[in-house]
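One structure below.
2 protein chains.
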Amino acid sequence: MSKHQRKKGTLIVIGGHEDKTDGKTILKEVARMVGDGRLVVTTVASHQPEGYFEEYQRTFQDLGVKDVVELAIAERAEARQESRLDLLDGARGIFFTGGDQLRITSQLGDTPIYSRVQQLYEEGGVVAGTSAGASVMSDVMLVSGESDESHRIGELQMAPGLGLIHGVVIDQHFAERGRMGRLLGAVAKNPRYVGIGIDENTAVVVEGGELLRVLGSGAVYVIDGATVTSSNIADAKQDCTLSIYDVRLHVLSQGDGFDLGRREPMDADQLGKDPVAQDGR
Amino acid sequence: MSKHQRKKGTLIVIGGHEDKTDGKTILKEVARMVGDGRLVVTTVASHQPEGYFEEYQRTFQDLGVKDVVELAIAERAEARQESRLDLLDGARGIFFTGGDQLRITSQLGDTPIYSRVQQLYEEGGVVAGTSAGASVMSDVMLVSGESDESHRIGELQMAPGLGLIHGVVIDQHFAERGRMGRLLGAVAKNPRYVGIGIDENTAVVVEGGELLRVLGSGAVYVIDGATVTSSNIADAKQDCTLSIYDVRLHVLSQGDGFDLGRREPMDADQLGKDPVAQDGR
Numbered sequence: 001m002s003k004h005q006r007k008k009g010t011l012i013v014i015g016g017h018e019d020k021t022d023g024k025t026i027l028k029e030v031a032r033m034v035g036d037g038r039l040v041v042t043t044v045a046s047h048q049p050e051g052y053f054e055e056y057q058r059t060f061q062d063l064g065v066k067d068v069v070e071l072a073i074a075e076r077a078e079a080r081q082e083s084r085l086d087l088l089d090g091a092r093g094i095f096f097t098g099g100d101q102l103r104i105t106s107q108l109g110d111t112p113i114y115s116r117v118q119q120l121y122e123e124g125g126v127v128a129g130t131s132a133g134a135s136v137m138s139d140v141m142l143v144s145g146e147s148d149e150s151h152r153i154g155e156l157q158m159a160p161g162l163g164l165i166h167g168v169v170i171d172q173h174f175a176e177r178g179r180m181g182r183l184l185g186a187v188a189k190n191p192r193y194v195g196i197g198i199d200e201n202t203a204v205v206v207e208g209g210e211l212l213r214v215l216g217s218g219a220v221y222v223i224d225g226a227t228v229t230s231s232n233i234a235d236a237k238q239d240c241t242l243s244i245y246d247v248r249l250h251v252l253s254q255g256d257g258f259d260l261g262r263r264e265p266m267d268a269d270q271l272g273k274d275p276v277a278q279d280g281r
Numbered sequence: 001m002s003k004h005q006r007k008k009g010t011l012i013v014i015g016g017h018e019d020k021t022d023g024k025t026i027l028k029e030v031a032r033m034v035g036d037g038r039l040v041v042t043t044v045a046s047h048q049p050e051g052y053f054e055e056y057q058r059t060f061q062d063l064g065v066k067d068v069v070e071l072a073i074a075e076r077a078e079a080r081q082e083s084r085l086d087l088l089d090g091a092r093g094i095f096f097t098g099g100d101q102l103r104i105t106s107q108l109g110d111t112p113i114y115s116r117v118q119q120l121y122e123e124g125g126v127v128a129g130t131s132a133g134a135s136v137m138s139d140v141m142l143v144s145g146e147s148d149e150s151h152r153i154g155e156l157q158m159a160p161g162l163g164l165i166h167g168v169v170i171d172q173h174f175a176e177r178g179r180m181g182r183l184l185g186a187v188a189k190n191p192r193y194v195g196i197g198i199d200e201n202t203a204v205v206v207e208g209g210e211l212l213r214v215l216g217s218g219a220v221y222v223i224d225g226a227t228v229t230s231s232n233i234a235d236a237k238q239d240c241t242l243s244i245y246d247v248r249l250h251v252l253s254q255g256d257g258f259d260l261g262r263r264e265p266m267d268a269d270q271l272g273k274d275p276v277a278q279d280g281r
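Chains as they are written, first to last, in full-length UniProt numbering: chain P, 1 to 281; chain B, 1 to 281.
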């Protein structure tokens, strides 16, 4: 791992519907990492964010995070206001709630708020996001595409994401909404991106920019297209069903990891003695 | 291909909800193969088969099959009656409608009717089945398991199938019901079986027992576990989420094929000049 990567903080990428009432495995991990620092919860993804913040505030305070503040952004102009930038002063973490990924990137892209998020991450802070807040983490994100059906050529919409993690495309609510087809479609377009499909109440914790560790009750699907020998993505007519041969697929559950640099899965032993991973199975 | 395999007929394995009104691609292929012979439609899979037969009869007659008869079996004892056995005399094809796969196997297993179906197939006839009628084709079949979620250890139910095709486990309504998780669970149990997940209005045509060809509007997922390097299927507690590394996955659409013996996908060129496959894309 390079020095540059070592300097980075932690991403917690959540597939939506994380448990807020029982074991709270994932939010507990966010709280543990934020410790006694400030956690900024931003509801920018949501058109109707009423109540979102309050629920997260209660949950995180129960988990020991005392300083939980809300960053609400209804209009892009607000992402330049000092009062809002001040909320990030000395923050140790930021949490993106669910909603619409295009709202996050269109409101925050190339604004002072975005620079502060990047700075927080580069300086070792925690950036967490659920559902839409998960999809935005990568360089290129999925915006829309059909669930519960196989991929048809031309159906998928992608857009630039926040660029906090490189070399991946992330999808969420993965098994629950039958999204294997659309993530395969995304990987088929350019196999240099690894597809990461995250189930509900399941998260990928990313350390050093390329070491992934799974947390939560569901699975994480890693779609590696490097091995692909043939696909019709560029040849077939629009609306044709995707055909793709020789995909390498890993299904990871709590305790498993993945090394993005080497594109290899890792079990709990290889990941080292992580206390959370250890009591996973 | 051995002489034994050459003698076999054709299986048409349909993922459910095949088109009966517009292009009718799949049923047209069944009709083409049955030609001017008799087609037996059996509604044995259904607890309430009323109307099923009539719809198929109309559709197949429109497609040029003149001799379409119904084989209804409400009780297992009926599978020994001469009047029912006579229906199969000289038949060139049998079509299993949807319903419950356990109804098919529990009513027909080790009966004279089943022997006649086997004989029909061995002598070059067509055995087609949709939905439950698709699942029963293999040696071991999926009976139940959760849809739209990742596989949890211990959740899957399997049972002996009709054994017309070897070395596979078949699932249907595949992308539509988000069944990747459960088919991965089935393959994890014993990777000597290749998982075949068939979308709705999509079929696999099997010739010579091991050459698969895809027909219809959706995709066929081939899950090959031969490459798997690690899985928790035997180690983890019941209800834990499945973890499995290095699955080889192919997504096939109309015109594609798969050689079960070599476990290799084939494109239209490799499959040869099949008229149906050729106008597929």
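Backbone N, C-alpha and C fix where the C-beta goes; we use that ideal spot for every residue, glycine too.
Neighbours of aspartate 199 of chain P in chain B, taken as residues at a C-beta separation under 7 Å, are given in chain order as Ser150.
Within the segment 61-102 of chain B, the complete alpha helix (DSSP H) runs of at least 4 residues fall at 82-87. As the crow flies, the alpha-carbon of histidine 250 of chain P is around 43 Å from that of arginine 92 of chain B. Chain B places a beta carbon closer than 8 Å to that of serine 253 of chain P, counting this residue as a contact.
Along the segment 162-180 of chain B, going in chain order, the ones with a CB nearer than 9 Å to a CB of chain P are Phe174, Ala175, Glu176, Arg177, Gly178, Arg179, Met180. When Cβ pairs closer than 8 Å are counted between the two stretches, the segment 237-244 of chain B is seen to touch the segment 250-266 of chain P, the count reaching three or more. When rounded, the separation of the alpha-carbon atoms in glutamine 61 of chain B and threonine 202 of chain B is 21 Å. Membership of methionine 33 of chain B in the alpha helix (DSSP H) is indicated by the continuous run 25-34.
By the criterion of a C-beta distance shorter than 6 Å, tyrosine 56 of chain P is surrounded in its chain by Val41, once the five residues flanking it on both sides are discounted. Counting C-beta atoms within 10 angstroms of its own C-beta, arginine 262 of chain P has fewer than 16 neighbours from the protein chains shown and is therefore classed as exposed. Using a Cβ-Cβ cut-off of 8 Å, leucine 242 of chain P counts as an interface residue toward chain B, since at least one Cβ of chain B sits closer than that to its own. One finds Val247, Leu249 in chain B with Cβ atoms closer than 7 Å to the Cβ of leucine 249 of chain P, taken in chain order. Cβ neighbours of aspartate 100 of chain B within its own chain (closer than 8 Å, five residues either side excluded): Ala45, Ser46, His47, Ala132. Comparing alpha-carbon positions, the option among B/Val247, B/Ile94, B/Arg213, B/Gly178 lying closest to aspartate 67 of chain B turns out to be B/Ile94. Among the CB atoms of chain B, one or more fall inside 8 Å of the CB of proline 265 of chain P. For the segment 191-251 of chain B, the continuous beta strand (DSSP E) assignments of 3+ residues that do not extend past its boundaries occur at 194-198, 202-207, 211-216, 220-224, in sequence order.
Those residues of the segment 220-231 of chain B placed with their C-beta closer than 7 Å to a C-beta in chain P are Ser230, ordered along the chain. Neighbours of leucine 184 of chain P across chain B, judged by C-beta separation under 7 Å: Val251. In terms of Cβ geometry, threonine 10 of chain P and valine 205 of chain P form a close pair [threshold 8 Å]. Secondary structure note for leucine 156 of chain P: it is in no beta strand (DSSP E), with a DSSP letter that is neither H nor E. In this structure, the beta-carbon distance from serine 147 of chain B to glycine 178 of chain B falls below 8 Å. Contacts between serine 217 of chain B and chain P, judged by CB atoms closer than 8 Å, involve Thr241 in chain order. Among the residues of chain B, those whose CB is under 7 Å from the CB of aspartate 256 of chain P are Ser243, following chain order. By alpha-carbon distance to leucine 87 of chain P, the top candidate from P/Gly37, P/Ser106, P/Lys237 is P/Gly37. If you check the CB distance, glutamine 107 of chain B and alanine 79 of chain B come in under 8 Å. When DSSP states are grouped into helix, strand and coil, methionine 141 of chain B belongs to the strand group.
Closest by C-alpha distance to threonine 111 of chain B, out of B/Glu18, B/Leu85, B/Gly90, is B/Leu85.
For proline 160 of chain P, the pairing in a beta bridge is given by DSSP as P/Val140. For threonine 105 of chain B, the CB contacts under 8 Å within the same chain, skipping 5 residues up- and downstream, are Val136, Met141, Ala159, Pro160, Gly161, Leu162 in chain order.
For the set P/Asp224, P/Val187, P/Leu260, the Cα lying nearest the Cα of leucine 211 of chain P is the one of P/Leu260. Per the Cβ contact rule, the segment 192-202 of chain P is not in contact with the segment 229-237 of chain P (fewer than 3 Cβ pairs under 8 Å). Distance between threonine 59 of chain P and glycine 181 of chain P, taken at the CA atoms: about 34 Å.
Going by DSSP, isoleucine 170 of chain B is part of the beta strand (DSSP E) stretching over 168-171.
Take glycine 145 of chain P, set aside five residues on each side of it, and the residues of its chain with a beta-carbon closer than 7 Å to its own are Glu155, Leu156, Gln157, Arg182, Gly185, in chain order.
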